[in-house]
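Before any comments, here is the structure.
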Amino acid sequence: MSPTRQHLEITGLVQGVGFRPFCHRLAQRFALSGWVLNHGGGVSIEIQGRRIDDFISALKSELPPLARIDSIEQKDVPPEVNESEFLIRESLQSAVTAAIPPDSSVCPDCLRELFDPASRYYRYPFLNCTQCGPRYTVTRALPYDRANTSMAAFKLCPACQAEYDDPTNRRFHAQPTACPSCGPRLSMSADEIVHRLRDGEILAIKGLGGFHLVCDARNHDAVARLRIRKQREAKPFAVMAANLASLETLVELDDPTRALLESPQRPIVLAKQRSGAKLSPAIAPGLDSFGVVLPYTPLHYLIFNAAVGNPDGTEWLQETNDLALVMTSANPGGEPLVIGNDEARERLGSIADTLVDHDRDIVCRCDDSVLRITAGKARFIRRARSYVPEAIKLPHEIPSVLAVGGHLKNTICVTRGDRAYLSQHIGSLDNRATYAFFEEIVQHLLDTLQVKPAIVAHDLHPDFFSTRYAQELGLKQRLPTMAVQHHHAHLGAVAAEHGVTEAAIGLALDGFGLGENNESWGGELMLFDGAEYQRLGHLAPMKQPGADRAAREPWRMAAAVYDRLGRGEEIERRFPQTDTALLRQMLSKNLNCPATSSAGRLFDAAAGLLGVKAVSDYEGQAAMMLEGLTETPETMTHGWRIEDNRLDLLPLLERLIDCDPVTGANLFHGTLIAALTDWIEQTAEETKIKTVLLGGGCFLNQVLSSGLMNELTAKGYTVKLSQQAPCNDGGLSLGQAWIAGLRRR
Ligand code: ZN
Ligand code: ZN
Ligand code: FE
Numbered sequence: 158m159s160p161t162r163q164h165l166e167i168t169g170l171v172q173g174v175g176f177r178p179f180c181h182r183l184a185q186r187f188a189l190s191g192w193v194l195n196h197g198g199g200v201s202i203e204i205q206g207r208r209i210d211d212f213i214s215a216l217k218s219e220l221p222p223l224a225r226i227d228s229i230e231q232k233d234v235p236p237e238v239n240e241s242e243f244l245i246r247e248s249l250q251s252a253v254t255a256a257i258p259p260d261s262s263v264c265p266d267c268l269r270e271l272f273d274p275a276s277r278y279y280r281y282p283f284l285n286c287t288q289c290g291p292r293y294t295v296t297r298a299l300p301y302d303r304a305n306t307s308m309a310a311f312k313l314c315p316a317c318q319a320e321y322d323d324p325t326n327r328r329f330h331a332q333p334t335a336c337p338s339c340g341p342r343l344s345m346s347a348d349e350i351v352h353r354l355r356d357g358e359i360l361a362i363k364g365l366g367g368f369h370l371v372c373d374a375r376n377h378d379a380v381a382r383l384r385i386r387k388q389r390e391a392k393p394f395a396v397m398a399a400n401l402a403s404l405e406t407l408v409e410l411d412d413p414t415r416a417l418l419e420s421p422q423r424p425i426v427l428a429k430q431r432s433g434a435k436l437s438p439a440i441a442p443g444l445d446s447f448g449v450v451l452p453y454t455p456l457h458y459l460i461f462n463a464a465v466g467n468p469d470g471t472e473w474l475q476e477t478n479d480l481a482l483v484m485t486s487a488n489p490g491g492e493p494l495v496i497g498n499d500e501a502r503e504r505l506g507s508i509a510d511t512l513v514d515h516d517r518d519i520v521c522r523c524d525d526s527v528l529r530i531t532a533g534k535a536r537f538i539r540r541a542r543s544y545v546p547e548a549i550k551l552p553h554e555i556p557s558v559l560a561v562g563g564h565l566k567n568t569i570c571v572t573r574g575d576r577a578y579l580s581q582h583i584g585s586l587d588n589r590a591t592y593a594f595f596e597e598i599v600q601h602l603l604d605t606l607q608v609k610p611a612i613v614a615h616d617l618h619p620d621f622f623s624t625r626y627a628q629e630l631g632l633k634q635r636l637p638t639m640a641v642q643h644h645h646a647h648l649g650a651v652a653a654e655h656g657v658t659e660a661a662i663g664l665a666l667d668g669f670g671l672g673e674n675n676e677s678w679g680g681e682l683m684l685f686d687g688a689e690y691q692r693l694g695h696l697a698p699m700k701q702p703g704a705d706r707a708a709r710e711p712w713r714m715a716a717a718v719y720d721r722l723g724r725g726e727e728i729e730r731r732f733p734q735t736d737t738a739l740l741r742q743m744l745s746k747n748l749n750c751p752a753t754s755s756a757g758r759l760f761d762a763a764a765g766l767l768g769v770k771a772v773s774d775y776e777g778q779a780a781m782m783l784e785g786l787t788e789t790p791e792t793m794t795h796g797w798r799i800e801d802n803r804l805d806l807l808p809l810l811e812r813l814i815d816c817d818p819v820t821g822a823n824l825f826h827g828t829l830i831a832a833l834t835d836w837i838e839q840t841a842e843e844t845k846i847k848t849v850l851l852g853g854g855c856f857l858n859q860v861l862s863s864g865l866m867n868e869l870t871a872k873g874y875t876v877k878l879s880q881q882a883p884c885n886d887g888g889l890s891l892g893q894a895w896i897a898g899l900r901r902r
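Encoded structure:
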């Protein structure tokens with residue numbers, strides 16, 4: 158009987174992740190001949206022998222941790238006569254179009270070698286393999302080859318070269334591989350780093366995607382000093398600990414949070430502080446939650462190892478380690494993360510006592526990713542390191558679009574076929590350095606994807622830097638441009654990733670987006686129909702006394718509530734601010750009091766009325782504090798009115814005036830959830846639509862999202878909320894791209 162032969166076409170995350178050596182090992186195990194080959198669309202395999210089925214099932218079940226198969230196409234082909242081996246063939250030139258893989262945390266095998274005195278990688282802070290290490294952050298251009306990475310500066314030594322060339326080795330074609338004799342060097346030993354941290358110093362340490370500012374999280378003096386020097390008065394810092402056991406002494410963790418923390422992407426995950434945790438109170442002033450993260454580079458592990466006296470082996474990794482580190486992005490003044498050694502000396506010199514750098518260049522700046530488990534699923538707050546540049550699959554192909562996002566928490570998005578490539582978090586576009594980073598990322602994404610966009614999508618707001626950039630680019634390159642309304646785009650992002658192609662009810666809740674007729678929107682009920690939308694309803698407009706200032710000063714929104722209730726004379730007694738008298742005049746004469754339907758301002762009003770926060774230190778702070786106070790949401794009957802599809806929560810707001818903060822927070826969240834459910838049900842009855850999309854930054858609020866999703870799901874609705882992109886403005890460009898692509902089709 159002649160052997161059978163099959164040809165397989167595989168797509169997914171199958172390049173730069175050790176997929177070909179994996180195929181080679183399986184072919185040997187099942188005594189198959191044939192070959193494997195990388196090309197532009199994925200990987201081709203031919204296999205010949207008796208155990209082809211075993212090969213394919215092992216291919217699926219034993220996949221390397223970083224690899225992912227999206228599809229396998231299988232067909233019988235005529236057998237080859239004189240074939241005895243399985244070969245890894247030279248990549249086809251078209252492999253250029255294949256993507257750069259994302260960075261990944263140090264893998265278990267490398268971690269073992271790191272602390273194994275017999276390994277040639279023993280205590281080497283830059284070891285990596287096909288299963289782990291830097292990727293996106295060290296790659297200048299495609300193809301993803303060592304020559305195109307910042308590792309090109311380091312010539313492989315004979316031992317490393319031999320491993321690199323050996324298809325059975327874990328380091329076969331591991332582009333950034335390096336060892337102590339041929340690779341990059343760190344400027345300071347882990348022992349010295351720990352010594353300085355214990356002494357209360359602030360260190361700037363070069364990481365994977367940029368520098369971190371690091372100090373001992375238990376040393377209040379050091380953390381407070383870092384706050385002052387970084388001029389970051391209140392935003393919470395992330396904390397790194399050696400393992401889950403150590404983190405658990407600091408925060409409460411549930412199973413999905415634990416799994417996410419330990420995933421190869423090692424993101425920062427939000428968790429609730431444990432009462433009695435011995436941490437500086439300056440970590441997260443006024444909040445019950447902050448971000449925690451596990452070590453993800455060999456250097457992080459070396460630091461925690463040094464903290465317990467440098468034991469060899471990996472047993473120490475299971476034990477509780479008392480070192481807890483503040484790990485915050487080194488991005489002084491809201492400018493992009495510092496990545497260069499000289500730049501670090503210049504920009505971080507006045508913040509850090511000591512600089513720890515190395516000679517492997519960071520090519521592509523990438524912040525840590527931040528997620529949170531909400532309604533049982535991991536959801537992004539910030540999407541960057543270890544997730545970018547992985548594509549998000551669209552429901553179907555659209556023309557190539559470049560979408561430039563909004564103003565705050567900007568990201569950009571480029572589509573190719575049915576894939577959307579969302580950039581890493583770029584930041585708020587309000588300084589020159591961030592503009593430059595934005596322009597760099599636009600170029601980098603278009604270059605590496607080799608896409609010439611058919612259209613450039615932007616926000617409806619004419620004054621955003623991103624909008625002006627899009628229009629200039631359109632003029633220069635004779636490309637059509639298209640404005641996409643902000644909340645339509647928020648809902649578009651949800652529809653795009655969840656494959657919703659039918660009409661749906663969309664609820665967008667956020668801080669601010671420009672609506673039609675130059676209105677300020679942010680609490681919108683829409684009929685979402687892909688390329689088009691219809692505004693069905695909105696939150697009852699509130700006056701925003703002092704315009705933009707009201708977005709930073711919740712007491713102003715609270716004062717507007719008093720005014721609306723006809724209780725303006727109580728404002729001065731209630732809010733003893735320097736400009737209260739002026740504000741009352743503005744309200745009574747309706748001067749500089751633009752109306753807004755923003756849900757963010759509604760949260761601010763509630764926080765102001767409850768005395769939770771009069772003036773915010775950063776965007777969203779008052780709402781976050783209000784969420785943190787909530788114990789059990791409670792519903793106030795008759796707490797809202799719906800007239801002409803306008804949802805008005807004035808009765809609830811009036812009630813809050815006489816509540817203590819915790820009761821008020823419970824009532825606010827519970828009543829808001831019940832009111833939104835009521836609103837959506839009425840709309841569903843009219844439209845006969847049972848699919849609901851939730852979008853906008855307010856849905857980062859866990860109490861609100863879980864509560865609303867549970868209510869609606871229990872009533873038989875299909876409810877979708879972002880998972881692969883942030884629900885805040887960080888996901889806006891994805892929605893813009895999808896909508897512009899649909900309109901262009
Ligand atoms: Zn590894
Ligand atoms: Zn070497
Ligand atoms: Fe928004």
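The sequence shown begins at 158 in this note's numbering and counts up one residue at a time. Even glycine gets a Cβ: it sits at the ideal position worked out from N, Cα and C.
**Study point:** Cys884 CB to nearest heavy atom of ligand 2 below 6 angstroms
**Key:** No; taking the cut-off as 6 angstroms, the Cβ of Cys884 has no heavy atom of ligand 2 nearer than that.
Check your understanding: Can Asp667 and His582 be called in contact, C-beta distance under 7 angstroms?
Key -> Cβ atoms of Asp667 and His582: not closer than 7 angstroms.
Review point. Which residues mark the beginning and the end of the beta strand (DSSP E) in which Ala871 is found?
Key: If you look at Ala871, you'll find it isn't in any beta strand (DSSP E); it sits in the alpha helix (DSSP H) that goes Gln859 to Ala871.
Practice item. Alpha carbon to alpha carbon, how far is Thr828 from Asp514? Give it in angstroms, no decimals. Key: Cα-Cα distance, rounded: 52 angstroms.
Point to revise | Nearest-angstrom Cα separation, counted from Ser862 out to Leu783 | key: Leu783 and Ser862: Cα-Cα distance of roughly 14 angstroms.
Exercise for review: For ligand 2, enumerate in chain order all residues having a CB closer than 7 angstroms to any of its heavy atoms.
Suggested key: That gives Leu313, Cys314, Ala316, Cys317, Ala335, Cys336, Ser338, Cys339 and Gly340.
Point to revise | For Lys877 and Leu850, believed in contact at Cβ under 8 angstroms, the rounded distance | key: Under the criterion of beta carbons closer than 8 angstroms, Leu850 and Lys877 qualify as touching, at roughly 5 angstroms.
Check your understanding: CB-CB under 8 angstroms to His181, same chain, minus the five flanking residues each way: which ones, in chain order?
Key -> If the five residues before and after His181 are omitted, its C-beta is found closer than 8 angstroms to the C-beta atoms of Val193, Phe243, Ile245, Pro324 and Thr325, all from its own chain and listed in chain order.
Exercise for review: Compute every distance between the C-beta of Asp667 and the non-hydrogen atoms of ligand 3, then say whether any falls below 6 angstroms.
Suggested key: Yes.
Check your understanding: What three-state label does DSSP hand Thr840 in the structure shown?
Key -> DSSP, reduced to helix, strand and coil, places Thr840 within a helical segment of the structure shown.
**Study point:** Start and end residues, beta strand (DSSP E) containing Glu689
**Key:** It spans Glu689 to Leu696 - the beta strand (DSSP E) in which Glu689 sits, taken as one unbroken run.
**Study point:** Proximity below 7 angstroms, CB of Leu183 to CB of Gly206
**Key:** It is not a contact, given that the beta carbons lie outside the stated cut-off.
Point to revise | Any non-hydrogen atom of ligand 1 closer than 6 angstroms to Cys521 Cβ | key: False, no ligand heavy atom lies under 6 angstroms from that Cβ.
Exercise for review: Count the other CB atoms, across all protein chains shown, that sit within 10 Å of the CB of Thr287; report buried if there are 16 or more and exposed otherwise.
Suggested key: Looking at its Cβ environment, which holds 16 or more other Cβ atoms inside 10 Å, Thr287 is buried.
Check your understanding: Rounded to a whole number of angstroms, what is the C-alpha to C-alpha distance between Ser437 and Val380?
Key -> Val380 has its alpha-carbon roughly 7 angstroms from the corresponding atom of Ser437.
Point to revise | Of the listed residues Cys521, Gly533, Thr638 and Phe732, nearest to Ser879 (C-alpha basis) | key: When each option's Cα is compared against that of Ser879, the closest is Gly533.
Point to revise | Pair within 7 angstroms by beta-carbon distance, Arg269 and Thr471 | key: Contact: yes.
**Study point:** Candidates Val396, His330 and Arg529, of which the one nearest Thr414 by Cα
**Key:** From the listed residues Val396, His330 and Arg529, the smallest Cα separation to Thr414 is found for Arg529.
Exercise for review: Taking Leu783 as part of the alpha helix (DSSP H), name the residues at either end of that continuous run.
Suggested key: Start and end: Gln778 to Leu786.
Check your understanding: Using the C-alpha atoms, what's the distance from Leu417 back to Ser403?
Key -> The straight-line gap from Cα to Cα measures roughly 16 angstroms.
Review point. Just the Cα atoms here: how many angstroms apart are Ile549 and Ala650?
Key: Spanning the two alpha carbons is a distance of roughly 10 angstroms.
Review point. How far does the alpha helix (DSSP H) with Val483 in it reach, from first residue to last?
Key: It is not in any alpha helix (DSSP H) - Val483 instead sits in the beta strand (DSSP E) that spans Ala481 to Ser486.
**Study point:** Coil, strand or helix - Gly757 by DSSP
**Key:** Annotated three-state conformation of Gly757 is helix, per DSSP.
Exercise for review: Look at the alpha carbon of Val253 and the alpha carbon of Asn195, and state the distance between them as a whole number of angstroms.
Suggested key: Because the pLDDT of Val253 is 44, which lies under 50, any placement of that residue in the model is unreliable, and the question is left without a value.
Review point. Any idea if Ala871 is buried or exposed, counting beta-carbon neighbours within 10 angstroms, 16 or more meaning buried?
Key: Counting the other CB atoms within 10 Å of its CB gives Ala871 a total below 16, which places it among the exposed residues.
Review point. Which parts of the segment 294–373 are runs of the alpha helix (DSSP H), unbroken and 4 residues or longer, counting only runs that do not cross its ends?
Key: Listed in chain order, the complete alpha helix (DSSP H) runs (minimum 4 residues) inside the segment 294–373 are 315–322 and 347–355.
Practice item. Could you tell me the distance, in whole angstroms, from the CA atom of Cys264 to the CA atom of Ile460? Key: Rounded to the nearest angstrom, the two C-alpha atoms are 17 angstroms apart.
Review point. Three-state secondary structure (DSSP) at Tyr578?
Key: If DSSP states are grouped into helix, strand and coil, Tyr578 belongs with the strands.
Check your understanding: Would the segment 311–321 and the segment 334–348 be scored as touching if the rule is three or more Cβ pairs under 8 angstroms?
Key -> Yes: at least three Cβ pairs fall under 8 angstroms.
Check your understanding: Which residues, in chain order, sit with a beta-carbon under 5 angstroms away from any heavy atom of ligand 1?
Key -> Going by the Cβ distance cut-off, the answer is Cys264, Cys267, Cys286, Gln288 and Cys289.
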